[in-house]
Structure formats: C-alpha cells, structure tokens
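The next block holds one structure in the form of structure tokens; read it before the comments.
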Amino acid sequence: SNNIYEIRAGSLPAGLKEISINNNPITNIDKDAFSDLSITLATLHFSSANFTRIPDAFLRLNALQTLSLQDTTILDWNPAAMTHLGQTLERLSLANVGFTTWPVWLQTFSHLMELDIVNSAISSIPSNAFDNLAKSLITLSLYNNSFIGIPKAISVLSNLLTLDLRYNKISNISSLPQPGQLSDLSLSNNFISDANQLSDLLRPHADSLVSLTLSFNRLTSIPDLSFLTKVVSLDLNNNQISAAFSGSVYGDIDELNLGYNFLPHIPPFYKQLQLLSFMDLPHNSIREVVGTDIPIWVTDIDLDFNLITELTDTSFPVNSSLEGLTLDNVPIAKISVLAFINLHSLVSLSLVNTKLTRLPLSLAIYRLCVI
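Number 236 in my numbering belongs to position 235 of the sequence shown; there are no gaps in the numbering.
Written out as structure tokens, the structure reads:
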C-alpha cells in the first residue's frame, strides 16, 4: 500500500498488462489515464479506494479480462462503463462494494467465467440474470450475502463447476445448477435443517460432486450422502445433530468432521469407512466409549468435551491400531485396570481436566506420552 490519491493521464507506462493498486485511497482517475493501455491491460485490481463512481477511464479499456474491486463503496456504477467492460471481462470480483440489490448492468456481460459478488447485502437475483452466462460461467461465489434460498437464476448455469454460498441464510437448496458439472459446493454457515431434502436435492449431482461443505448449519440428523462416491472429505461440524443412527456416507471417505454437535453415541457407519484413520468427534454428548463402535484401523480419536464418565475393559476393540487418544475436558472418574489392554500401538494419551483423582493403573504397562 501507498498513499496514491490520483491517476493522471500519461502517468502510467504504455503497454502494461497488469495493474494492482490495492490499499490506496484513490479518489480520482483521469478519463484518459488508461489511453496508452487500451489494448494491453488485461488485469486491474483496486482495494480500499475512495472513488464512489466507476471512472469513465474504464471506457478506454478494450482488452480487460480481470477486474477486482474490494472494500470500496460504489454509489454510481456508471452502467455505460461497466457494459463496455462486459464485452471482454472473463473474471469479475466485487467484495464489500455496497451492493444491496443485484446489478442490472451485469445482464449485458456474456464472457464471464468467474464471478464473485461477496460481503454484500443482496437477497435476491432476477430470474434472467445469468441467461447470457448460462454456458460460460464456471465459478460463482456469493458468500456473505442475505439469500434465504438458492436463487432460481442459478439453475440455468449448465457448466458451473464451483458454487460458494457460505454465510447466507439459506434453508432451501432446491435451485441448484443443472446436474452434470458441479464439483465444488460450499453451503457452510447457513440455515439448512432438512436432511432428507438435502439428500434428495444433492442426489442428481452424485456423478460430479467432489467437495461438499455443510458445517455451521441447523441439521439435527445426518443426511444420507452414501451416493456421493467422489466426495472424500465431509465437514458436518457445528450443526445440531443428535440422531447418531441416521444417514450414511460413502465408504471411501477419508476425512469426516462431526465435532460440535449433540451426538449421544458414535455413529455406526464409521465401521464402513475403511479409509478413515481419524475420528473427529469433539464437543458432542457421547456418554460411553464402546469397542464395537471403533474400527480397528482408526489411529486417532478426538473425544474432547464429551460426557464420558468411565472407560471399561471393553471400551476399545481387540487388535486396535489406535496411536492417539484425546479425552480432555470430559468427566471421566474411573478407568478400569484393563481399559487399555487392546491398545498396543498407543503412544499419546491426553486426559486434561477430567474427574480422575489418580493416575490409572492401566497405564503402568505403557511407555507413552500422557498429558
């Protein structure tokens, strides 16, 4: 960052292809400031600028492909200038620019492949907003807006690969893009609560989805996602899931986060996840550790902040591969002498802030790190 307030005509070297003027209080841009760059400038970045009207200087840019504008409140979008840019722009990123309604001038754009309109207060999109971009748009980010559902306009985007709708107020996802291409779907930090509806609406995307985020929603049960055979990582943390015997996930998943829920038991489908080595279940309501719930191939378990009061002779499976066990901030008061008899690979055990009054006798046979 510097302290640049103005871009005058002739102040920029001819032939530049990229300009980044981030974190500068630009107030004025001469209408001819980009005249010597009209056919060469392809990328332009602004952030924390002080101009409130899109400059007429943009009318001189005939080859711009990427425009990024952040943390700059625009009161006058100069539709003529934006429509002109729409003839060549392929990537447009507008973050925290003061939007409260969808920009009408965007309907004239026809070449965009990537569009970010984030950190705004937009709650709806006209149904025809993406008609000219139905085949070209492949990445759409609308996170941190005020949508209560997925806008119907999105459903026409037949080649969309990435859709980011985090930090909205979405409870209904019935207007997802057309099935076939969508590979990355981010729905974290919304109001999604209906697990059955979620499963039904995601099913048409089973052949394409690779990444799915659902953390910080209002799910009370685990959705059936067993059909998502290409998703290898799933984050369901910070929901309200209490139904441990609900739903299912694909057997080849290798990363699953169910922390910060209300699970009273370890979900039984863990026994089908043969590629999963880490059971991530902190901040739940699990009261009992049962060996039959823990696959023998799991190497690490995090059960911080649960309601476990005792470890018994049958808490861990025979031939367990467990190397790390975290039981911090749980009300464990009793550990049987043979509780760890099956944990031949255990090297790390954390028992911070429990109800234990002495070191368990079951640890005497181990050479491990106890915290």
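Note that the Cβ used here is the ideal one computed from N, Cα and C, for glycine as well.
Subject >> When T327, G292, N3 and I123 are compared against N169, the one with the closest alpha-carbon >> reply: Residue nearest to N169 within the set T327, G292, N3 and I123 is I123 (criterion: CA-CA distance).
Subject >> Close beta carbons around T53, own chain, < 7 Å, minus the five adjacent residues each side >> reply: If we look at T53 and ignore the five residues flanking it on each side, its Cβ neighbours are T74, I75, L76 and D77.
Original post:
Using CA coordinates, which residue listed in N146, A130 and I149 is at the minimum distance from S156?
Top reply: If we check each option's Cα against that of S156, A130 comes out closest.
**OP:** Quick one: measure Cβ to Cβ for D117 and L95, integer angstroms, because I've assumed they're closer than 8 Å.
**Re:** Cβ atoms of D117 and L95 come within 8 Å of each other, at about 7 Å.
Original post:
Would DSSP call G325 helix, strand or coil?
Top reply: Here G325 sits in strand by DSSP.
Original post:
So what's V299 in DSSP terms, helix, strand or just coil?
Top reply: It is coil, neither helix nor strand.
**OP:** Return the chain-ordered list of same chain residues with a C-beta closer than 8 Å to the C-beta of I333, the five sequence neighbours on each side being excluded.
**Re:** Setting aside the 5 residues that flank it on each side, I333 is surrounded in the same chain by I309, T310, E311, L312, L352, T355, K356 and L357, each with a C-beta closer than 8 Å to its C-beta; the list follows chain order.
**OP:** Leaving aside the five residues before and after I193 along the sequence, list all residues of the same chain whose C-beta is less than 8 Å from its C-beta, in chain order.
**Re:** Residues I171, S172, I174, L199, L215, N218, R219 and L220 of the same chain have their beta carbon placed closer than 8 Å to that of I193, with the five preceding and five following residues left out of the count.
Original post:
Does the Cβ of R61 have 16 or more other Cβ atoms within 10 Å, making it buried, or fewer, making it exposed?
Top reply: The residue is buried, with at least 16 neighbouring Cβ atoms inside 10 Å.
**OP:** Ignoring anything shorter than 4 residues or poking outside the region 180–238, list the alpha helix (DSSP H) runs there in chain order.
**Re:** Runs found: 196–203.
**OP:** Report all residues from its chain with a CB closer than 7 Å to the CB of K153; omit the five preceding and five following residues, and keep chain order.
**Re:** Scanning its chain for C-beta atoms nearer than 7 Å, with the 5 sequence neighbours on each side dropped, one finds around K153 the residues S128 and S176, in chain order.
Original post:
Given a threshold of 16 other Cβ atoms within 10 Å of its Cβ, counted over all protein chains shown, does N343 qualify as buried or as exposed?
Top reply: Taking all protein chains in view, the Cβ of N343 is crowded by 16 or more other Cβ atoms within 10 Å, so the residue is classified as buried.
**OP:** Could you tell me whether the Cβ atoms of R167 and S147 are closer together than 8 Å?
**Re:** Going by C-beta atoms, R167 is not nearer than 8 Å to S147.
Original post:
Whose CA, out of D57, S48 and N24, lies closest to the CA of F35?
Top reply: Among D57, S48 and N24, the Cα nearest to that of F35 is on D57.
Original post:
Looking only at its own chain, which residues have a Cβ that is under 6 Å from the Cβ of S69, when we skip the five neighbours before and after it?
Top reply: Excluding residues within five positions, the ones whose Cβ falls inside 6 Å are H46 and S94.
**OP:** Could you name the residues that DSSP lists as bridge partners for R92?
**Re:** Looking at the DSSP output, R92 bridges to T67 and E115.
Original post:
Just to confirm, are S286 and G325 a CB contact at a threshold of 8 Å?
Top reply: Their beta carbons are not under 8 Å apart, which means S286 does not touch G325 by this criterion.
**OP:** Return the bridge partner residues of E311 from the DSSP annotation.
**Re:** Under the DSSP definition of a beta bridge, E311 partners with K335.
Original post:
Helix or strand or just coil, what does DSSP make of G150?
Top reply: DSSP places G150 within a strand segment (E or B) once states are collapsed to three.
Subject >> Beta-bridge pairing of H46 - partner residues as DSSP gives them >> reply: H46 has S21 and S69 as its beta-bridge partners, per DSSP.
Original post:
Going by DSSP, what residues sit across from N173 in a beta bridge?
Top reply: N173 is bridged to G150.
**OP:** Inspect the beta-carbon positions of L264 and I242 and report whether they are closer than 8 Å.
**Re:** With respect to I242, L264 sits close: the two C-beta atoms are nearer than 8 Å.
**OP:** Taking the CB atoms as reference points, tell me whether A10 and D31 lie closer together than 8 Å.
**Re:** Taking 8 Å as the cut-off, the beta carbon of A10 is found closer than this to the beta carbon of D31.
**OP:** Report the residue from I126, E115, D329 and S125 whose alpha carbon sits nearest the alpha carbon of I139.
**Re:** By alpha-carbon distance to I139, the top candidate from I126, E115, D329 and S125 is E115.
Original post:
How would you label N3, buried or exposed, when you count the other beta carbons within 10 angstroms and need 16 or more for buried?
Top reply: Its Cβ having fewer than 16 others within 10 Å, N3 is exposed.
Original post:
Based on Cα-Cα distance, which residue from N97, I126 and S121 lies nearest to L107?
Top reply: Nearest option by C-alpha distance: I126.
Subject >> Reference A196; option with closest CA among L210, P318, L164 and N240 >> reply: Of the listed residues, the one whose Cα sits closest to A196 is N240.
Original post:
Do D225 and G260 come within 8 Å of each other at the CB atom, strictly closer than that value?
Top reply: Going by C-beta atoms, G260 is not nearer than 8 Å to D225.
**OP:** Would you grab the beta carbon distance between S234 and S212 for me? Rounded to a whole angstrom, and I think it's under 8 Å.
**Re:** The pair is a contact, with the Cβ atoms about 7 Å apart (cut-off 8 Å).
**OP:** Kindly identify the DSSP beta-bridge partner or partners of E256.
**Re:** When beta bridges are read from the DSSP output, E256 appears opposite S234.
Original post:
Taking DSSP as the reference, what is the three-state secondary structure of A81?
Top reply: In the displayed model, A81 falls within a helix according to three-state DSSP.
**OP:** Please classify T140: does DSSP put it in a helix, a strand, or coil?
**Re:** Three-state DSSP puts T140 in a strand.
Original post:
Looking at the unbroken beta strand (DSSP E) that takes in D165, where does it start and where does it end?
Top reply: Per DSSP, the unbroken beta strand (DSSP E) holding D165 starts and ends at T163 to D165.
Subject >> Burial state of D1, where buried means 16 or more other Cβ atoms lie within 10 Å >> reply: The requested residue 1 does not occur in the structure, where the chain is confined to residues 2 to 372.
Subject >> Rounded straight-line distance, which links the Cα of H85 to that of G16 >> reply: Cα-Cα distance, rounded: 20 Å.
Original post:
Is T67 near T41, with beta carbons less than 8 Å apart?
Top reply: For T67 and T41, no; Cβs fall outside 8 Å.
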